[in-house]
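One structure is given below, encoded as C-alpha cells.
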Amino acid sequence: EGFGTERARRECGSVRRRRMAHMASSVDVFFSCVPADRERVQHVREMIEKAGYSCWWDADKTQSSKGLLLQEAAEVIDGCHVFVCCLSDAYLASPLASKEVKLAGLWSKCIIPVSVGALTDPGGVPAKHAIAPHVAKLYSLDLTSEDKFSAKSRELLARLGKQLSLAPDGRRSASTPSDTRQVPVAEMQPDDVCQLLARLYIPPEKIDRFMSNGVSGKDLLEFSDEDFRGDDLGLSFIQVKKLRRELETLLYPSEVRVQASHPRLRGA
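Shown next as C-alpha cells:
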C-alpha cells in the first residue's frame, strides 16, 4: 500500500510538472497574490481572461510545500510576459510573495503593481521592504475602492493590452522590462506619464489626477508651471522642478550628460 501511494504521488508530480512546463511557455499574465486577497483578485482575473489573455496563479497555496510552490511559480514567472503584483498588508507579510517579486525583478519582467487590500504604510510599500527596489518607482493601480473598481480594472486591462502588444508576435518579450524611457515624451500615453511620475516618487493621489485628466506626453511639453501647480493637478513647486528636470533628461540626454560631467557648463 505504501509503495502504491508513493508511486501515485510520483506520477501525480510528473503530470503536474508537465502541466507547469506547458503553462510556463504560454502564460500572458502571472498573478502574484496571497490567499487572503484571492476573492478580490478573482474578479479582475476573470475580466482579463474574457479579454483573451491567459492568466496563472497557484490554485491553492496551502496544499503544497513552500519549496515546491516557489519552484512552480519560478517556472511560470520565467515564461510569463507580465507580472501583476497584488499588494496588501497580508501580501507584504508573505515571504513567498516577496520571493516571487524578486524573481520577476531579477528576470526583468514587466511588473504592474495593484493594491487589492489595506496597506498600513502611507506610501504603500515601506522603503526598507524587500520588494521596494522592484515596485517603489512603479505606478500602482488602486483596486480597493468599490466606486472605482470597475474603472481601475479597465485601466489595468488597457495597460496589459499595451504591454502584451509590444512584442513582434503580439506578446511582449519576456526579457524586456517596461520603461517609460523607451517611449518618446511626445508619444507618451496617460499610463506612460503615470509611470514617469511614479519614478519621481510623486504621491499616488496626485498621479491619479494626471490619469483622470488624461494627461499625455504632449501635454507635459505644453503645460506651464502654473498648469502643473493648478487645482486640477496640484503639484508642488519642488515636484514641478523635478518633473521639468526629468523631461529635460528625456528630451536632451546627451546634453544633460555633458553638463553633469562638466559642472562649469551648467551656468552657460
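Numbered by our numbering, the letters in the sequence shown go through residues 53 to 320 in order. Glycine is no exception: its CB is placed at the ideal position from the N, C-alpha and C atoms. All values reported here derive from a predicted model rather than from experimental measurement.
Per-residue DSSP class, three states only, for residue i
| i | result |
| --- | --- |
| isoleucine 183 | coil |
| proline 165 | strand |
| leucine 287 | coil |
| leucine 195 | coil |
Residue i, enclosing alpha helix (DSSP H) - first and last residue
| i | result |
| --- | --- |
| phenylalanine 262 | 256 to 264 |
| leucine 139 | From DSSP, leucine 139 is part of no alpha helix (DSSP H) but of the beta strand (DSSP E) over 134 to 139. |
| proline 242 | 242 to 251 |
| alanine 149 | 147 to 158 |
| lysine 102 | 90 to 102 |
| aspartate 271 | 269 to 274 |
| glutamate 278 | 277 to 281 |
| leucine 171 | Run containing leucine 171: none; DSSP gives neither H nor E here. |
| serine 202 | 201 to 216 |
Same chain, Cβ closer than 7 angstroms to residue i, five either side skipped, listed in chain order
| i | result |
| --- | --- |
| cysteine 138 | Phe83, Ser84, Cys85, Asp89, Val93, Val166, Val168 |
| tyrosine 105 | Asp80, Val81, Leu212, Leu216 |
| alanine 103 | Leu209 |
| alanine 203 | none |
| threonine 172 | Asp141 |
| histidine 181 | Leu144 |
| leucine 122 | Leu148, Lys151 |
| threonine 275 | Per the sequence shown, residue 275 should be read as phenylalanine rather than threonine. Within the same chain, phenylalanine 275 has no close Cβ partners at all. |
Own chain residues within Cβ distance below 6 angstroms of residue i, not counting five before or after
| i | result |
| --- | --- |
| leucine 285 | Arg261 |
| alanine 179 | none |
| tyrosine 143 | Val86, Ala149 |
| leucine 302 | Val237 |
| threonine 196 | Ser167 |
| leucine 287 | Phe280, Arg281 |
| lysine 294 | Leu252 |
Where the beta strand (DSSP E) containing residue i begins and where it ends
| i | result |
| --- | --- |
| serine 84 | 81 to 84 |
Cβ shell of residue i (< 8 angstroms), same chain only, five flanking positions each side left out
| i | result |
| --- | --- |
| proline 269 | What sits at residue 269 in the sequence shown is glycine, not proline. Counting only Cβ-Cβ distances below 8 angstroms, and skipping sequence neighbours, we find Val235, Pro236, Val237, Ala238, Glu239, Met240, Gln241, Asp244, Val245. |
| serine 78 | Ser106, Gly131 |
| isoleucine 259 | Tyr191, Cys246, Leu249, Ala250 |
| tryptophan 108 | Met75, Val79, Val81, Phe82, Phe83, Val128, Cys132 |
Buried/exposed call for residue i, threshold 16 Cβ in 10 Å
| i | result |
| --- | --- |
| isoleucine 290 | exposed |
| arginine 97 | buried |
| serine 140 | buried |
| glutamine 247 | buried |
| histidine 186 | buried |
| histidine 133 | buried |
| leucine 273 | exposed |
| glutamate 207 | buried |
| glutamate 124 | buried |
| glycine 152 | The sequence shown places glutamate at residue 152, rather than the glycine named in the question. It is buried - the Cβ of glutamate 152 has at least 16 other Cβ atoms within 10 Å. |
Residue i and residue j closer than 8 angstroms at C-beta
| i | j | result |
| --- | --- | --- |
| leucine 190 | alanine 126 | no |
| tryptophan 159 | isoleucine 183 | no |
| arginine 281 | valine 267 | no |
| lysine 161 | phenylalanine 201 | no |
| glycine 176 | proline 256 | yes |
| isoleucine 163 | alanine 156 | yes |
| leucine 252 | glutamate 300 | no |
| methionine 99 | serine 264 | no |
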